[in-house]
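Notes follow the structure.
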Amino acid sequence: FDVLVNATAASMQAAVPALPAGTLKPGALALDMTYGAAALPFLAWARAQGAVARDGLGMLVEQAAEAYFAWLGVRPGTFQVLTELRREVDAHVNAQVAAAARTAT
Numbered sequence: 084f085d086v087l088v089n090a091t092a093a094s095m096q097a098a099v100p101a102l103p104a105g106t107l108k109p110g111a112l113a114l115d116m117t118y119g120a121a122a123l124p125f126l127a128w129a130r131a132q133g134a135v136a137r138d139g140l141g142m143l144v145e146q147a148a149e150a151y152f153a154w155l156g157v158r159p160g161t162f163q164v165l166t167e168l169r170r171e172v173d174a175h176v177n178a179q180v181a182a183a184a185r186t187a188t
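Using our numbering, read the sequence shown as starting at 84 and increasing by one per residue.
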């Protein structure tokens with residue numbers, strides 16, 4: 084496939100959907116609807132297949148912006164919001180990974 088969207092519950096259980104190797108063409112786009120630590124297994128799998136992998140944080144921000152526009156008639160900017168949320172989510176995920184590494188040793 085050229086594009087694959089993971090909208091399964093697998094990511095919420097730190098799993099990857101059962102997909103055969105070769106599902107994605109090299110350079111394909113792989114999107115996970117989840118974000119943060121939940122998306123990591125799917126993103127790692129997709130990158131190992133040679134895909135460009137993205138989590139669902141951008142979709143979340145853009146959906147919120149569309150709802151805001153529908154309610155108030157004002158289209159908010161999303162770049163700053165996404166940049167700040169990405170920073171916060173990445174910091175949280177990095178802290179979780181570090182804590183898990185400390186616990187494992």
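Glycine included, C-beta positions come from ideal geometry on N, C-alpha and C.
In the DSSP annotation of this structure, the continuous segment of the alpha helix (DSSP H) that includes R185 starts and ends at F162 to A187. Taking a C-beta distance under 8 Å as the contact criterion, Y118 and G105 do not qualify as a contact pair.
For T186 and E167, the gap between their C-alpha atoms comes out near 29 Å. Straight-line spacing of the CA atoms in A121 and V172 works out to 11 Å. Here the region 150–163 makes no contact with the region 86–101; the two share fewer than three CB pairs at distances below 8 Å.
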